[in-house]
Each structure stands twice: as structure tokens, then as C-alpha cells.
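Since the structure comes first, as C-alpha cells, the remarks are kept for the end.
Number of protein chains: 4
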Amino acid sequence: MSEATRDKMKEAAARLFYTQGYHGTSVRHIAEQANVNIALVSYYFGGKKGLFEQLMTQFLEGYLEAMHIDDETRMKSTREQLLSVIRSLLSYQQNHYHLARMVHREMTMDSVLVRELMSTYLRKEKHDFEQLLRRGMKEGSFNKQPIDFVLIQLRGMITLPYYSPQYLRELYQLSTTEPYFINRYVEHLTSWIDSCLCGIEPTRTNRVMLKIN
Amino acid sequence: MSEATRDKMKEAAARLFYTQGYHGTSVRHIAEQANVNIALVSYYFGGKKGLFEQLMTQFLEGYLEAMHIDDETRMKSTREQLLSVIRSLLSYQQNHYHLARMVHREMTMDSVLVRELMSTYLRKEKHDFEQLLRRGMKEGSFNKQPIDFVLIQLRGMITLPYYSPQYLRELYQLSTTEPYFINRYVEHLTSWIDSCLCGIEPTRTNRVMLKIN
Amino acid sequence: MSEATRDKMKEAAARLFYTQGYHGTSVRHIAEQANVNIALVSYYFGGKKGLFEQLMTQFLEGYLEAMHIDDETRMKSTREQLLSVIRSLLSYQQNHYHLARMVHREMTMDSVLVRELMSTYLRKEKHDFEQLLRRGMKEGSFNKQPIDFVLIQLRGMITLPYYSPQYLRELYQLSTTEPYFINRYVEHLTSWIDSCLCGIEPTRTNRVMLKIN
Amino acid sequence: MSEATRDKMKEAAARLFYTQGYHGTSVRHIAEQANVNIALVSYYFGGKKGLFEQLMTQFLEGYLEAMHIDDETRMKSTREQLLSVIRSLLSYQQNHYHLARMVHREMTMDSVLVRELMSTYLRKEKHDFEQLLRRGMKEGSFNKQPIDFVLIQLRGMITLPYYSPQYLRELYQLSTTEPYFINRYVEHLTSWIDSCLCGIEPTRTNRVMLKIN
DNA sequence: GATGAATGAGGGTTCATTCAT
DNA sequence: AATGAATGAACCCTCATTCAT
């Protein structure tokens with residue numbers, strides 16, 4: 001069975017792409033790290049580019065899936081649903097850390113592939129968040145305010161840990177890869193939603209945070 | 001005079017590094033775009049790496065300079081100072097768009113150079129913003145809240161246009177490179193500062209925005 | 001099978017290094033002469049330098065081996081043993097003519113590699129000859145005389161054909177690469193040993209030589 | 001006046017050619033070492049090759065000159081004349097150590113230039129020595145023996161210090177560049193001439209040598 | 001199914017030289 | 001007389017890929 005071999009290769013590729021970028025990574029290096037024959041990259045994935053694309057789409061599909069709101073959550077408040085999606089996305093990226101960083105970086109390149117993926121996945125993400133926010137504003141859960149700028153802030157906060165982890169490490173004195181990081185980050189996001197989006201008093205938790213800092 | 005040649009090369013390099021990344025760009029391509037001989041890259045900059053490093057540090061030094069608050073502004077309110085810095089940074093990155101995107105992307109790589117630049121420039125940026133926020137909170141201009149998370153939001157909003165311009169283009173139907181974009185973006189940031197940081201009523205401008213969207 | 005390819009390359013490299021020196025020989029030229037792809041030089045030998053070093057050590061190891069006195073010869077007289085070693089060394093270098101010339105020339109360079117090889121192989125050669133001479137003098141086969149100068153003469157005569165073949169060609173009207181050359185050269189050496197080292201009358205063969213010249 | 005500049009360049013070139021060979025030396029390096037502009041190599045000598053050829057011929061002309069026997073010496077015995085020439089040649093090479101080593105090495109290359117120089121200078125050297133030896137044998141100063149082999153030994157001993165100085169250093173524990181070396185080497189050569197060529201008893205000096213070793 | 005040999009293209013760098021000044 | 005900018009060719013090496021086995 002070769003599934004294990006394929007996975008070893010994808011894992012090694014993700015790790016290297018994340019560290020040194022697509023162009024900075026050689027097929028030879030991937031094969032070495034995965035402890036397999038070099039020719040297998042072409043054999044299994046149709047070349048370096050194929051391997052890369054597979055990693056990209058695989059990650060992005062999981063990303064959209066993570067945005068999905070299950071039936072149970074759909075019963076809860078809009079605020080709860082928003083929080084749930086945020087938590088889910090952060091958690092997904094945390095579990096695929098190398099891929100997440102790889103994707104976010106390569107997304108900044110100008111290539112046909114990237115532009116295609118953009119108009120497929122990015123648009124979907126934006127649309128889902130927009131729906132959620134509009135509903136919350138309509139029903140009065142969220143303060144009325146320009147949706148686009150809220151979207152910008154949301155996206156900034158969701159991607160920052162995987163786009164600029166050094167900055168967060170500096171701030172929190174805590175690596176973004178450690179499990180505890182997410183908890184803390186979500187707490188902050190919750191307080192942001194409550195104060196800036198819902199316009200309610202910060203919770204007790206946040207008061208504590210306030211004193212700490 | 002060779003200054004002109006050097007500038008042509010740096011410009012071409014920045015453009016290509018921004019589009020295809022450091023490893024994805026060949027010295028030959030840079031020379032072609034700059035319409036100069038290939039050997040000049042080594043001749044002037046000591047190689048591709050030297051050219052890259054020069055672009056990096058040059059940008060980052062200008063970045064820190066852009067953070068500086070001049071004497072006139074220092075007379076104004078803390079809110080005004082914060083806005084001034086934000087405007088200055090966005091403007092600087094706008095004027096060096098290719099470099100800005102190049103730097104932000106390559107900053108996500110794991111290399112000795114990057115880590116060194118990080119601990120020099122990034123730390124300085126964080127420190128300056130922190131000072132400003134602390135002062136504002138102390139004097140009551142800003143609401144008391146966890147500083148680190150405000151920093152995260154700030155950085156997210158300042159870098160997003162150069163890290164994920166496609167997203168903004170999708171939102172604003174406006175390229176981030178167009179001069180008008182900054183105006184609009186700063187308006188949003190102002191409203192964010194007023195409502196989330198200062199805790200005052202949104203201005204009339206923002207109400208208009210609200211209707212537009 | 002790749003052994004054949006490797007050998008082709010080594011042969012071509014030795015021939016070119018011998019003709020034009022290490023720095024004067026390009027990898028491209030080697031590959032062309034060996035009728036193989038250029039990349040194979042790096043693939044098999046880790047680069048031009050690796051190929052060169054392999055040729056060097058390979059030759060020198062064979063050289064030391066050629067100095068070894070087998071059990072049968074060890075039964076004979078010291079004079080016979082000395083002659084045997086000389087014959088063996090000349091024969092070995094004759095069979096690896098290109099390599100011999102390459103090595104002797106590159107040995108005159110100032111580099112780390114060369115200095116290392118020197119202190120390994122050259123010292124061994126000197127030591128073995130010294131032993132042989134000392135023994136011969138002790139047992140009375142050889143005239144007592146300063147050993148170091150005998151060593152100098154020996155080395156001069158053994159290396160000259162591969163270091164300055166033009167000179168010998170001029171003298172003998174005979175290329176040093178032709179098989180007959182060695183016979184003649186060894187005859188001369190024998191006569192030198194007999195007269196200068198052993199102090200006995202020159203043989204009849206030498207008398208004939210005398211008339212010829 | 002530019003004569004000084006020219007000399008600086010020739011000196012630097014000789015030093016580098018001697019250390020790293022012709023092909024291993026770059027014009028840039030020569031200019032750096034001589035502390036002059038790179039373009040001057042082409043300007044003064046018509047390129048790297050021209051500079052090299054000038055060094056070669058200059059050395060070789062001096063070499064032939066050093067072979068010349070002045071009128072005073074011509075009065076002395078043939079043995080004395082031979083010794084005088086040997087001393088002169090060794091001394092000349094000692095005074096142009098870098099050039100000597102450079103020439104001897106590059107002489108082992110296969111190129112048009114080298115072959116031309118060979119047939120001009122080498123032949124002359126051989127001819128002069130031959131004359132001397134023949135005369136000596138005719139008049140009975142030297143033992144009758146094959147001239148060609150004597151020539152080989154002579155040339156071997158005269159060039160060895162500049163072709164394989166490491167070997168001599170190992171033997172004498174004395175660098176071939178030190179002035180004292182020549183004295184010692186000439187002593188050995190004298191004893192060789194006396195015993196092997198003239199067939200007389202070794203001198204007292206050699207007896208001492210014998211004990212030392 | 002999986003491999004090691006081999007390939008051609010392209011990578012970045014260094015070279016000796018030229019030319020306007 | 002002497003220089004610094006600039007050139008094109010060649011340097012060695014690594015790349016991703018293919019192919020027979």
C-alpha cells in the first residue's frame with residue numbers, strides 16, 4: 001500500500017514549502033525528508049507543481065468545510081454562530097499549521113493558479129461571513145456599521161497568527177503553535193466581538209485580562 | 001553615472017521579487033527587466049542575495065522613519081498622533097508598493113536574515129505603538145483594554161492591504177494601488193479608532209458609509 | 001551499469017587535467033570528451049573538485065602499493081629490491097601516464113588538499129626508500145654516503161619522465177610513453193646504482209650504451 | 001613614470017602564478033595584489049596572456065644568461081666550469097623563486113607557447129651541458145659514461161628544488177627559499193660530481209656530512 | 001510499483017576585456 | 001596616462017523530469 005508513502009511526501013513537502021517557500025524547495029529535498037525515491041514525486045503527483053496544487057486545494061477545501069455551521073449550532077444566537085466559525089477556522093489552521101502558513105504565503109504570489117483559487121475559495125469565505133454579519137445586524141444582535149470594514153478586521157485577525165506569527169509570539173510570549181495560544185486568542189476575539197460588534201460591556205474575563213496587561 | 005543603473009536594477013528586482021518571490025526570481029530576469037548586463041548584479045550588489053538584503057533593509061529603515069512623529073504633530077492629541085502614524089505608514093507602503101509586498105511576504109520565511117530583521121525592526125514598531133496606546137489610555141483618550149490585542153488589530157489592518165490586497169479589492173471594488181483607496185481605508189480606520197478605541201459615537205462620515213454598503 | 005560511465009569520465013578528466021591543468025580544464029570539456037552529460041560530474045563525483053580529488057588519491061594509493069616489496073623479492077639482495085621498487089614505480093606511472101603527470105604537476109600548487117596529500121603519501125615514499133638505503137649501507141651492499149642526497153637523486157630520476165618528458169624525448173629521441181623507453185631508462189638507472197651506489201664496475205650493457213651515444 | 005607600476009604588477013603576477021597557476025589566477029586578483037587598476041593588465045601587457053608570456057621569456061632569457069661561462073672561469077678546469085654553471089643556475093632560480101616555480105610548472109602544460117619556448121631554451125640548455133661534459137670526458141676530467149643519463153641526473157638535481165621543494169624541505173628540514181639551503185645543496189652536488197662523474201674520493205666535507213646523517 | 005541512471009535547461013557567479021572619459 | 005563602468009562569454013552546479021529496467 002502506498003498511501004503511507006504519499007502522506008509522508010505530502011507532509012515533508014508541506015513542511016518545506018512552509019519554511020522555504022515553493023520555489024525555495026527542491027524536489028530532491030522533499031524526497032530526502034520523506035525518505036523516498038526522487039522520481040516518486042513525478043510518479044505520484046505529476047511533478048512538483050502537482051504536489052503543490054494538491055496541497056493547496058486540499059487545505060482550502062478543508063478550510064471551507066471548517067466554515068460550515070452544523071445544525072446544532074444553527075439553533076444558537078448569531079453571535080454564537082460567528083464565534084463558532086472563528087473558533088473552527090483557527091482550530092483548523094492550527095491543526096494544519098504548515099499548510100496554513102504555506103497557503104497564506106503563496107496566496108501573495110501572482111500566478112494563474114493562485115488567482116483561480118482566490119476567486120473560488122476566498123470569495124466563498126467572504127460571502128459566508130457577510131451573510132452572518134448582515135443577519136446579525138438585521139436582527140439587532142450586532143451594531144449597525146460598515147460591513148466591509150468589519151470583514152477586513154475579521155480576516156486580519158483570523159489570518160495574522162499564520163501570516164505573522166513572530167509578531168504574536170513577541171506579544172504573547174507564547175508560540176502560536178502551542179495549544180494554549182488559541183484559547184487566549186479566542187478570548188480576545190470574543191471580547192472584540194462583544195465590545196466592537198455587539199456593543200455590550202466587556203465580560204469579566206476581559207476585565208481580568210485588562211488588569212494583567 | 002551608475003546611480004541610475006543601480007536604481008533601475010533595484011526597481012526591477014523589487015517588482016519581480018514582489019510578483020514571484022525571491023527564489024522564484026532569476027538574476028537573468030532582473031537584468032533583462034532593468035535592461036542591463038547580468039553581471040552587474042554581482043558587480044554592484046555582490047550577488048542576488050546582496051541585492052535582496054539591500055532592498056529589505058532600505059525599506060525597513062524607511063518604514064521606521066515613517067513611524068516617527070514630528071514636532072508639530074506631537075502637539076496634537078494622542079488620537080491625532082495615532083492617526084498620523086497610521087496614515088504615514090500606509091502612505092509609505094503605498095509609495096513603495098512592490099517593496100512593501102515583497103518584504104511582508106519574505107518576512108514569513110524562516111531564514112537567518114529574516115529573523116535578524118525581525119528582532120530589529122518589528123520590535124521597534126511594536127514598542128512605538130505600545131507607547132502611544134499606553135499614553136492614550138493613561139490620559140483617558142483611549143478606553144482601557146488589553147493593549148496586546150489592540151496591537152494585533154492595528155498591525156492586521158496596517159499590513160492587510162499589502163499582504164492580502166485581493167481581499168480588499170474584492171471588498172472595495174478598488175485596487176489597493178489606486179490613490180483613492182488609502183483615503184477610504186483611513187476613513188474606516190478612523191471610525192474604528194473612534195468607536196472601538198475611544199468609545200465615542202461614530203461620526204457622520206461613517207453613517208454615510210453605512211448607507212453606502 | 002554506471003561503472004563504465006564513471007570510468008569514461010575519469011579517463012577523460014585525467015587526460016585533460018594532464019594536458020591543461022586543473023583550472024585550465026572545464027567540466028564541460030570533460031563531459032564532451034567522455035561523451036556524457038555535464039551534470040554527471042556533480043552527480044557522480046560531487047563536482048569538479050571531487051572528481052579531481054578522487055583521481056589524486058586513487059593514483060597515490062596505487063603509487064604506495066607499487067612501492068610494496070612482495071615476499072619473493074624480499075628474499076633477494078637489497079640492490080635487487082631497490083631495483084625492483086624503482087621498476088615497479090616507473091611501470092606504475094607508465095601505466096597511468098596521464099594521472100602521473102597530472103599529480104606531479106598539481107603537487108606543485110599551494111592548496112590545502114595538496115599539502116594534506118603531501119604529508120601522507122610523500123612522507124611514506126621517503127620513509128620506505130630511506131629504510132632500504134640504510135639497510136643496504138649497513139650490510140655493505142651500498143657505499144656509505146649521505147642518504148638525503150641519494151634520496152634526492154632517486155626521486156629526481158623517478159619523477160623526471162613524468163615531470164619533464166620533453167627533456168627526455170629530446171635526449172633519447174624516444175617518447176616517454178613508448179614501452180621501450182622504460183627498458184632503456186631502467187638500464188640507465190641500474191648502471192647508476194651499480195656505479196654510484198654500489199661502487200662496482202659498469203656492466204657490459206652500459207659500455208655498449210657508451211658507444212652508442 | 002610607470003615602470004614602478006609595471007614591476008609591481010609583474011611581481012604580483014609571478015607570486016600568484018607560482019601559487020595557483022596561470023589558469024587559477026585571475027587578472028582581478030593580480031591587480032588587487034599590485035594595488036593597481038584592473039584595466040592596466042590589458043593596457044600594459046595586452047592582456048593576461050601577454051603578461052604571462054613576458055614573465056616566461058624574461059625568466060628564460062635570464063636563465064640562459066646564467067648558463068654563460070665568463071672568461072675568467074673559462075680558464076679553470078672543466079670540473080670547475082661545470083660547478084660554476086650549476087651554482088649560477090641555482091642562484092639565479094633562487095633569486096627569482098616565484099618565477100622559477102611558475103616556469104617549471106607551466107612548462108609541463110601542452111600548449112603552443114610552451115612548446116615553442118621548449119625548443120628554444122631547453123635545447124640550448126641541453127646543448128651547453130652536453131658540450132661541457134663531452135669536453136670533460138675527452139680530456140679525462142670526467143669518467144667515460146653515457147652522456148644522456150648524466151644530463152638527466154643533472155637536470156633532475158637542478159630543477160628539483162623548484163619543482164618539488166616540499167620533498168627537500170622534508171629532507172633538509174630547511175626551506176628551499178632560505179639562503180643557506182643553496183650552500184648545502186651545492187656541497188652535495190659537488191660531492192656527486194666528484195664521486196660519480198670524476199670518480200675521485202669524496203672530500204672531507206662529505207665525510208662530515210656522512211656522519212651527520 | 002518503484003528505482004537509479006541520465007538528461008537538458010537554467011540557476012548564480014566570475015572571467016578577461018573594452019570603452020568613454 | 002589611467003580609470004571605473006559595463007559587457008558577453010564561460011564558468012560550475014542544481015534543477016525537475018524522464019526512461020529503461
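Residue numbers (the UniProt record's numbering), protein chains in the order written: chain A, 1 to 213; chain B, 1 to 213; chain C, 1 to 213; chain D, 1 to 213.
Note that CB positions come from ideal geometry on N, CA and C, so glycine has one too.
Annotation: the continuous alpha helix (DSSP H) that includes residue 116 (chain D) extends over 112-117. Taking a contact as a CB-CB distance under 8 Å, the pair residue 122 (chain C) and residue 167 (chain D) counts as one, their CB atoms being some 6 Å apart. A residue is called buried when at least 16 other Cβ atoms come within 10 angstroms of its Cβ; residue 68 (chain A) does not meet this threshold and is exposed. At a cut-off of 7 Å between beta-carbon atoms, residue 196 (chain B) makes contact with chain A. Residue nearest to residue 94 (chain D) within the set D:50, D:117, D:66, D:109 is D:66 (criterion: CA-CA distance). When the Cα atoms are used, residue 16 (chain C) and residue 160 (chain D) turn out to be separated by approximately 25 Å. Scanning chain D for C-beta atoms nearer than 7 Å to the C-beta of residue 163 (chain C) yields 108, 163, reported in chain order.
Cβ-Cβ separation between residue 77 (chain C) and residue 2 (chain C): approximately 47 Å, too far for a contact (criterion under 8 Å). Taking C-beta separations shorter than 7 Å and ignoring five residues to either side along the sequence, the partners of residue 54 (chain D) in its chain run 45, following chain order. For residue 149 (chain B), a Cβ of chain A is located within less than 7 Å of the residue's own Cβ. Runs of the alpha helix (DSSP H) lying entirely within the segment 82-166 of chain B, each at least 4 residues long, are 97-106, 112-117, 123-138, 147-163 in chain order. In this structure residue 173 (chain C) is exposed. Its beta-carbon is surrounded by fewer than 16 other beta-carbon atoms within 10 angstroms.
Closest option to residue 81 (chain A), judged by alpha-carbon separation, among A:39, A:36, A:128: A:128. Residues of chain A with a Cβ closer than 7 Å to the Cβ of residue 23 (chain B) are, in chain order, 21, 23, 24.
For the C-beta of residue 121 (chain C), not a single chain D residue is nearer than 7 Å; the gap to the nearest is close to 11 Å.
The straight-line gap separating the alpha-carbon atoms of residue 143 (chain C) and residue 12 (chain C) is approximately 45 Å. Contacts between residue 67 (chain D) and chain C, judged by CB atoms closer than 9 Å, are missing: the closest CB pair is about 15 Å apart. Listed in chain order, the non-local C-beta contacts of residue 157 (chain B) below 7 Å within the same chain comprise 189, local neighbours out to five positions each way being set aside. Beta-carbon to beta-carbon, residue 79 (chain D) and residue 193 (chain D) are separated by about 7 Å, close enough to satisfy the 8 Å threshold. A check of alpha carbon separations from residue 163 (chain C) across C:98, C:151, C:28 identifies C:98 as the nearest. In this structure, the beta-carbon distance from residue 110 (chain C) to residue 19 (chain D) falls below 7 Å.
Look at residue 70 (chain B) here: in three-state DSSP terms it is coil, with no helix or strand label.
Counting only runs that start and end inside the segment 166-201 of chain A, the alpha helix (DSSP H) elements of at least 4 residues fall at 179-192. Residue burial annotation: residue 43 (chain D) is exposed, with fewer than 16 other C-beta atoms found within 10 angstroms of its C-beta. Taking the C-beta atoms as reference points, residue 23 (chain B) is found nearer than 7 Å to residue 24 (chain A).
Here residue 146 (chain D) is buried, its C-beta having at least 16 other C-beta atoms within 10 Å. Within 8 Å of the CB of residue 3 (chain C), no CB atom of chain D is found; the nearest one sits about 29 Å away. The alpha-carbon separation between residue 14 (chain A) and residue 124 (chain C) amounts to approximately 53 Å.
Below the 9 Å Cβ cutoff, chain C contributes no neighbours of residue 93 (chain D), its closest Cβ being approximately 14 Å away. Residue 196 (chain B) is positioned such that its CB atom lies no closer than 7 Å to that of residue 198 (chain A). Taking the Cα positions, residue 106 (chain C) is about 7 Å away from residue 21 (chain C).
Cβ-Cβ separation between residue 170 (chain B) and residue 126 (chain A): approximately 6 Å, consistent with a contact (criterion under 8 Å). Ranking B:150, B:165, B:41 by CA distance to the CA of residue 134 (chain B) puts B:150 first. For a cut-off of 8 Å, the C-beta gap from residue 41 (chain C) to residue 51 (chain C) is around 6 Å, short enough to register as a contact.
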